[in-house]
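Q: First to last, the sequence lines map onto chains P, H and S. Per numbering that gives the first Met the number 0, residue 0 is the first one in the first sequence, and the count goes up by one each step. Per numbering that gives the first Met the number 0, residue 0 is the first one in the second sequence, and the count goes up by one each step. Per numbering that gives the first Met the number 0, residue 0 is the first one in the third sequence, and the count goes up by one each step. Cβ atoms here follow ideal geometry from the backbone N, Cα and C, with glycine treated the same way.
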Amino acid sequence: MPPQYSPSLRLRLPLLAFLLETIFILLFVFFVKIDHHEQVHTKFDRKTFMRSYAEFQDVHVMIFMGFGFLATFLVRYGFSGSGFNMLVAAMSIQWAILMNGFLLPQRHYSREIYVNLKSLIEAELCAASALVAMGAVHGKTNPVQLQLLAMVEVTGFVVSQWILRTLLHADPLYSIMLLHIFGALFGVMVSWVLHREGIKPQHEKEKTDRRSGLFSMLGMLFLWMFWPSFNSALVYHWDRGLKLTVIYGTYLSLAVSVVIAMSISMLFSSKGKINMVHVQSSALSGGVAIGVAMTAVHAPWVAMMIGFCAALLSTLGFRYMKSHMLFAFECHDTCGVLNVHAIPGILGWLAHLLLQLTSTESTIAVQFAVHHIFVLLITVCMSMVMGTATGLFLKWSFWRSQQDRKCFDDQAFWEFPNLVEQK
Amino acid sequence: MPPQYSPSLRLRLPLLAFLLETIFILLFVFFVKIDHHEQVHTKFDRKTFMRSYAEFQDVHVMIFMGFGFLATFLVRYGFSGSGFNMLVAAMSIQWAILMNGFLLPQRHYSREIYVNLKSLIEAELCAASALVAMGAVHGKTNPVQLQLLAMVEVTGFVVSQWILRTLLHADPLYSIMLLHIFGALFGVMVSWVLHREGIKPQHEKEKTDRRSGLFSMLGMLFLWMFWPSFNSALVYHWDRGLKLTVIYGTYLSLAVSVVIAMSISMLFSSKGKINMVHVQSSALSGGVAIGVAMTAVHAPWVAMMIGFCAALLSTLGFRYMKSHMLFAFECHDTCGVLNVHAIPGILGWLAHLLLQLTSTESTIAVQFAVHHIFVLLITVCMSMVMGTATGLFLKWSFWRSQQDRKCFDDQAFWEFPNLVEQK
Amino acid sequence: MPPQYSPSLRLRLPLLAFLLETIFILLFVFFVKIDHHEQVHTKFDRKTFMRSYAEFQDVHVMIFMGFGFLATFLVRYGFSGSGFNMLVAAMSIQWAILMNGFLLPQRHYSREIYVNLKSLIEAELCAASALVAMGAVHGKTNPVQLQLLAMVEVTGFVVSQWILRTLLHADPLYSIMLLHIFGALFGVMVSWVLHREGIKPQHEKEKTDRRSGLFSMLGMLFLWMFWPSFNSALVYHWDRGLKLTVIYGTYLSLAVSVVIAMSISMLFSSKGKINMVHVQSSALSGGVAIGVAMTAVHAPWVAMMIGFCAALLSTLGFRYMKSHMLFAFECHDTCGVLNVHAIPGILGWLAHLLLQLTSTESTIAVQFAVHHIFVLLITVCMSMVMGTATGLFLKWSFWRSQQDRKCFDDQAFWEFPNLVEQK
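#1: May I ask you to report which of helix, strand or coil DSSP gives residue 114/P?
#2: Cα separation between residue 24/S and residue 325/P?
#3: Do residue 299/P and residue 114/S count as a contact pair if the criterion is CB distance below 8 Å?
#4: On the criterion of 16 or more Cβ atoms from any shown chain inside 10 Å, does residue 96/H qualify as buried, or is it exposed?
#5: What residues in the segment 70–95 of chain P bring their beta carbon closer than 8 Å to a beta carbon of chain H?
#6: Got a sec: is the Cβ-Cβ distance from residue 138/H to anything in chain P below 8 Å?
#7: Roughly how many angstroms lie between the CA atoms of residue 167/H and residue 85/S, to the nearest whole one?
#8: Compute the distance between the beta-carbons of residue 415/P and residue 79/P, then report whether it is under 8 Å.
#9: Is the beta carbon of residue 340/H less than 8 Å from the beta carbon of residue 179/H?
#10: Who are the Cβ neighbours of residue 90/P in its own chain at under 7 Å, not counting the five residues just before and after it?
#11: Using beta carbons (cut-off 8 Å, strictly below), is residue 220/P in contact with chain H?
#12: Can you tell me the Cβ-Cβ gap for residue 81/S and residue 88/S, rounded? I've got them flagged as a contact below 8 Å.
#13: Can you tell me which residues form a DSSP beta bridge with residue 32/H?
#14: Determine which residues of the segment 314–338 of chain H have a Cβ less than 8 Å from any Cβ of chain S, and write them out in chain order.
#15: Measuring alpha carbon to alpha carbon, tell me which residue in 268/P, 297/P, 264/P, 292/P is nearest residue 282/P.
#16: Do residue 408/P and residue 204/P count as a contact pair if the criterion is CB distance below 8 Å?
#17: List, in chain order, every chain P residue whose beta-carbon is nearer than 8 Å to that of residue 254/S.
#18: Per DSSP, which residues does residue 273/P bridge with? Please list them.
#19: Cβ closer than 9 Å: which chain S residues qualify as neighbours of residue 127/H?
#20: Identify each residue in the segment 257–279 of chain S for which the Cβ-Cβ distance to at least one residue of chain H is less than 8 Å, and report them in chain order.
#21: Return the Cβ separation of residue 255/H and residue 306/H in integer angstroms, given the expectation that the two are a contact with Cβ distance under 8 Å.
#22: Just the chain B side, please: which residues come within less than 7 Å of residue 33/H by C-beta, in chain order?
#23: Which whole-angstrom value describes the C-beta separation of residue 221/P and residue 381/P, a residue pair presumed to lie in contact below a C-beta threshold of 8 Å?
#24: Starting from the C-beta of residue 192/H, find all residues in its chain whose C-beta is less than 7 Å away, skip the five residues before and the five after it, and write them out in chain order.
#25: Any Cβ of chain H within less than 8 Å of the Cβ of residue 61/S?
#26: Buried or exposed: which applies to residue 11/H, given that a residue is buried once 16 or more other Cβ atoms fall within 10 Å of its Cβ?
#27: When you compare only the Cα positions, how much space is there between residue 228/S and residue 250/S?
#28: Say whether the segment 230–241 of chain P touches the segment 162–177 of chain P, bearing in mind that this needs 3 or more beta-carbon pairs closer than 8 Å, one atom from each stretch.
#29: If you run the structure through DSSP and keep just helix, strand and coil, what is residue 299/P?
#30: Do residue 122/P and residue 187/P have their beta-carbon atoms positioned less than 8 Å apart in this structure?
#31: So with Cβ pairs under 8 Å, would you call residue 53/H a contact of chain P?
#32: Among residues of its own chain, excluding the 5 on either side of residue 223/S, which ones have a beta-carbon nearer than 8 Å to its beta-carbon?
#33: From residue 31/H to residue 302/S, what does the alpha carbon distance come to, in whole angstroms?
#34: Let me make sure I understand the geometry here. Which of 103/H, 53/H, 139/H, 144/H has the alpha-carbon closest to that of residue 165/H?
#35: Residues of chain S with CB under 8 Å from residue 223/H, in chain order?
#36: Could you give the distance in angstroms between the alpha-carbon of residue 374/H and the alpha-carbon of residue 345/H?
Right under this line is the structure:
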C-alpha cells in the first residue's frame, strides 16, 4: 500500500514526538531545577563555571555538528544524516537529564534533579552513545524507529552505568567512556536483527562523492579537533594532573592515528589509493581508545602507541571485516561503528588493564583484573541483549520502515519542492 | 542600458566602501581607544576577561559563520549569501562601535569610546539586527543597497536603544534582545516597499537543493549551538544566577524547538515530508523567544514551554503565512525573518509580560504592563517607519538594483572565470 | 611506466609515515613528558590553564579546519586539500614539539621536553608555517613530497627561530610571527624549482565552482574569525595590556581588510565583478600584517590602517602579480601565498619598524633599525635557500611526482569506488 505509506508516518512521528515532549516537560515541572549554586556543593571553586563552559561547548559542537555531519557521507542521505542526528540528540539529552537525575543523582539528600554543566555534559555523553548506535542503522530505518532506538539505548546505557557504579563501584570517569562499546554493540545488534536482503551485496544508493565526502570531512574534523575536550570534560578541575594528561594524551593519540589511518588505507588498497571514508572514521579511533584507557595512561608515548594500534586495527577492520560482517553474519553496519567505536574501545580497555597490572602489586592485580573483566562483560552483555530486543521491537511492521529501494535516500522523508536534482 | 549596468556598480560599491571606511578610521583616530583596564572600572574581577573571550568568540562565530551560511540555502546565491553577510557585518560592527560609544557610553565622565569585550559584543548584536533585516531582502538587492540598509538599520536600532534606556529606563539586557523584532520588521518593510512583480508567484532561481541545504544546515547549527552564549553574553559574571538561568534556559528551549519544528513541518505537509528550510529556520525560534523573555524565566520547564510555542507558531507561519504575505500584501520575505525573528520575539515579549505579572503585586503590575507595552510599541513603530523610509530611499534608481531575472543569482556580482556550471 | 606508478607510491607513503612515526615515538619515549605543574614554573597563575585552553582550541581549529578547507577551492582537489593538510599538520606538530624542545627549551636546567599548552601552541604555529609553504605547491606534488617538504620546512623554521632568538635576541612573540614570510618564501622557491611547463598558461583542472568556493569560504571564515586568538595565543596573560591590544587590533584590522579586499576586487575587475578566491585570500592579509607588527601597535586606527594597506596590496597582487609571476618567473603559486602571507608580512614588518622609530629616541633608533633589518634578512635568506634546496631534493624522480595531466586532481591519490562523477 505505497500511497498510504507517507501519511501514516506523517502522524506517527509528530504523535511520538509530542507524546515524549509532553512527558519530558511534565517531569521537568516536578523534578528539575536550575542549579544556581553549583560551586557551593562541589569542590569547584567560584571561577570554575565559565572555564567549564568552553569545554562544554566543545562537546556540544561534537554532538550536533560533529556526529551530524560525519553522517552526511552518503550521497543521497545528507539531510537525514544531519537532520535526524539533531532530532535524536535533542530528545536523548532531555531524556538523559531525567534518567541520570533519577538513577545517578548528584546530591543524594535531595529528590530534585539539578541542571548544571556537569549534568548537561553527562547527558550529551549519553546522547553520544545513542548516536553511535544510530550510526549502524542509518539509512535503513525511519525517524520514528530512530527515536525509539535512542530512547531505549539511553535508558539501557544509564542503567548499565548505574550497575557499574553502584554494584561494582567503577570509577564514573572510566565507566562513562564505555559508551563507545555499549553504543556500537547495541547498534550492530539492532542492525543484525533488522537485516534486509535487498541491500546486499551493495545498495545502489550507498555511495559517496566529492561533495558528500567533504561534508563528512567537516563533521569528522570537529570531532577530531574537540576530542580532547570530550575525554576530559568530566575530569574535575582540581584534579589538574589527570586533566592535563587526558587532554595532551588524547591530542597526541589522535595526531598519530590520522597518520596511521591514511598510511594503512593506502597500503592495503589494491591500487595504492586512500579511501576517504575509512580515513575519516579510523582517524577517530585513537580518541576512542585513549578515552577508555585514559585514567591509566601517564606518558605521552603510551598515548601515541595506543593511537597507533587503534588506527591500525580500525583501518584493517574497514578494509577486511566490514564486508565480511555483511556476507558471513548478514550484519550491515552503515557507518562502521564496530570498527570505529567497539574495537578501539576494547583495545583501550585492554591497554587500561595492562597498564594497571604493570603498575600494581601482584596481590591486588588479580582482584583488579577480575573487576575490570566484569565491567566489560556487563557492558557487552547488556548492550547486545538490549540491542537484540530493540531490533525485534523495531521490526514490527507498525513502525512502517521504508522499502528497500528507498533506503539511504532523503526523498522518503524530506520535501524537495523546487529541487534541481540531476544527481 | 544593460551594458552599462555592471561598470556603474563597479564604481559605486568601492566608492561607498572607501568613503565609509575613511570616515570610520578618522572617527576612530579621534574618539576610540583600546581599554587596557576594563576590569578596574567595572565590577568584573581580574579573571573575567578571558572567560568572556570564549563567549565573545561564540557570538563572533554566530555573526560571521552562522548568519553567513544560513543564507546560502538558495541554490545560486551561496557566494552572495555568505560574502555579503561578511561585508555588511564587518562594516556594521565598526559603525556600531562608534554609534554605541556616542549614544550609550560605558563611562559617562569620558568622551572617549573604549574598545573592550563588552563594546564588541554589543556591536556584534547591533550587526545581528542588521543581518536579520538583510534576510528579508536577500537576492533582490545589490551589495550597495545592502550596505546602505545596514548603516541605516544600525543607526535606527542604536537610537531606539537610546530612547528605551534613557527615556523609559528599560533594562539594557532586555532591550537589546528586541533586536530580533526591530531587525525583522525593518527588513520586512524594506522588502514591502521594494516589491517586484517579477518574483511572483515564484522566482525560478529561488530554490534549494541537497548541496545548498547542507551548507545552510551548517550555518543553522552554529547559530543553534552557540545561542546560549548569544543570550547570556552581556549578563555580568557576578550575576551568576541570571547567567546560569539564561544559558540553561536557552539550551532547553532550543532542544524542544528543534523537535517541535520537525514534527510540525511533517504534520502539516500534504505528503508527510519534512521541509528542510522550515526546520532550519523554526528550530532557531526557541532561542529568539527565550532571549526576549529570559530575565523573567526561572524554571527549566517554562523555558521548554516557550521553545515549544515558538517553534509551533514559527513553523505554522512558514507553512501558511509566508505565501499569504506575498500574495495578499505583496511582501516577499526571502529568509522568512518575520516567522523566525518577529513572531517568536513578540511571543517572548508576551511570555515576559505574563511571567512578570504573575510574580508581581497587583499595584505595580499595571504600571509594569504599561511600561512593557510602550517598550514594544516604540520598537515596532520605529522599525516600521525607518524600514519604510529606507525602502523608499533604496528604490531610487541611482543604486542600480539588479533586474528581475538576475535576482537570487550570484552571477550578477561574482566572477566565475573558469566555472564548470551545469546547474 | 604508468601501471607501476601507483603501487610504488603505495609503498613509499606508508613506509615514510611508519619510519617517521617510529622515530617520533622513540624520541618521545626518551625525552618528552607531560607537564603537570606548568603554572608553578611560570608567572601563570593557577587559573590560567583553562583560559588558555579555549585560545589553544581556536588555534587548533585554524590549523586543521581553517587551512584544510581554505585549500579545497580547487574543484577536483577537495579531498587532497583537506586530507593532506591534516596528514602534514599532524606530523609537523609532532616534529615541531621535538625540535622546539631540543633547540628552544622552556626550562634550561632540564634536558626533558615538557608538553604543555605553550609547547603545543608553538608547535601548531610551526605547523602553520609548513602549511603556508604547502599552499604554494598544492596540486603539483604528491603526499610523499608534501611530507618531506613539511619536515624540512619545520626544521628550517625552528633553526631560524633559534638564530633570531639566541644570536639576535629577538622577541619570541615577534619572531614567531615571521612564520608567514618564512613559509611563503620557502614554498614559492620550492614551486619555482619544481616548475612544470604543462601547467602553463592555465591547467584545465585549476578552477573553482559554486561548491568548492563555499567549502573554501568555510575554511577562510574559521581562519578569519579566530585570527585574534592566533596572534595573541603566546602573549602571557599577566601582560594584559598587550594581550588586549593584540586581540582588538587583529579584530579591527581584519574587519577593515575584508571590506577593502571586496572593494578592490570589484574595482579592478573588467566586468565589475568580485573574485571569490581573491577575497577569501586577501581578507586574511590584515591578520598577517598586524601579526608581524602587533607588538608596536597601540591605537585602534593604526591597526585599521594596516588592515587597509595589507588588503589593498594583497588584492592588487592577486589581480596583477600572480599571473606575472607565472609568465615572467615561471613560478606557479597555487594558493597565492606570496600575496597572502609574504607581502602582507613584509608590510607588517615595515609598519613595525616605522612605529618603533617614531616612538624611539634617535640614538637608539638606528640601532633598532639595523637589528630589525637583520632579522628580516636572515628570515628571507634562510627560507629562500632552504626552499631552493628542498625543491631540488623533491625534484628527484624517486619521489614519483604525478604527471602533468594528473595535477590538481584527487583521483591520483583517492579511491572513488562508487563515485557518481559528472563533474
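A: Well, looking at it:
#1: Strand.
#2: One alpha carbon belongs to residue 24/S, the other to residue 325/P, and they sit about 36 Å apart.
#3: For the 8 Å CB-CB criterion, residue 114/S and residue 299/P form a contact.
#4: Residue 96/H is buried by the Cβ-count criterion.
#5: Those would be 71, 75, 77, 78, 81, 82, 85, 86, 89, 90, 92, 93, in chain order.
#6: No, no contact with chain P.
#7: Looking at the two C-alpha atoms, the distance is approximately 55 Å.
#8: Cβ atoms of residue 415/P and residue 79/P: not closer than 8 Å.
#9: Yes, Cβ-Cβ distance for residue 340/H and residue 179/H is below 8 Å.
#10: When the five nearest sequence neighbours on each side are left out, the beta carbons in the same chain lying within less than 7 Å of the beta carbon of residue 90/P are those of 19, 146, 149, in order along the chain.
#11: No, residue 220/P lies away from the interface with chain H (no Cβ there is under 8 Å from its Cβ).
#12: Separation of the CB atoms of residue 81/S and residue 88/S is rounded to 11 Å, and the pair is thereby denied contact status at 8 Å.
#13: DSSP output for residue 32/H lists 113/H as bridge partner(s).
#14: With the criterion set as a beta carbon lying under 8 Å from some beta carbon of chain S, the segment 314–338 of chain H has no members that meet it.
#15: Closest option to residue 282/P, judged by alpha-carbon separation, among 268/P, 297/P, 264/P, 292/P: 264/P.
#16: Yes. Within cutoff.
#17: Chain order gives no chain P residues near residue 254/S, where near means a beta carbon separation below 8 Å; the closest approach is about 24 Å.
#18: Under DSSP, residue 273/P forms a beta bridge with 413/S.
#19: Contact note: residue 127/H does not reach chain S at a C-beta cutoff of 9 Å; the least C-beta distance is about 15 Å.
#20: If the cut-off is 8 Å between Cβ atoms, the segment 257–279 of chain S has 257, 258, 259, 261, 262, 263, 265, 266, 268, 270, 271, 272, 273, 274, 275, 278 near chain H.
#21: Between residue 255/H and residue 306/H, the beta carbon gap of about 4 Å places them in contact (Cβ cut-off 8 Å).
#22: This model lacks chain B altogether; the protein chains it does include are P, H and S.
#23: Not confirmed; about 30 Å, so no contact.
#24: Excluding positions up to five away in sequence, the list reads 387, 390, 391, 394.
#25: No, no contact with chain H.
#26: Buried, because 16 or more other Cβ atoms sit within 10 Å of the Cβ of residue 11/H.
#27: Their backbone Cα atoms lie some 10 Å apart in a straight line.
#28: Yes: at least three Cβ pairs fall under 8 Å.
#29: Helix, per DSSP.
#30: Remark: C-beta atoms of residue 187/P and residue 122/P do not approach each other more closely than 8 Å.
#31: Answer yes: the Cβ-Cβ gap between residue 53/H and chain P drops below 8 Å somewhere.
#32: Contacts found: 253, 257, 282, 283, 286.
#33: Taking the straight line from one Cα to the other gives about 12 Å.
#34: The closest CA to that of residue 165/H, considering only 103/H, 53/H, 139/H, 144/H, is found on 103/H.
#35: Listed along chain S is no residue with a C-beta nearer than 8 Å to that of residue 223/H; the closest approach is about 17 Å.
#36: Roughly 12 Å separates the two Cα atoms.
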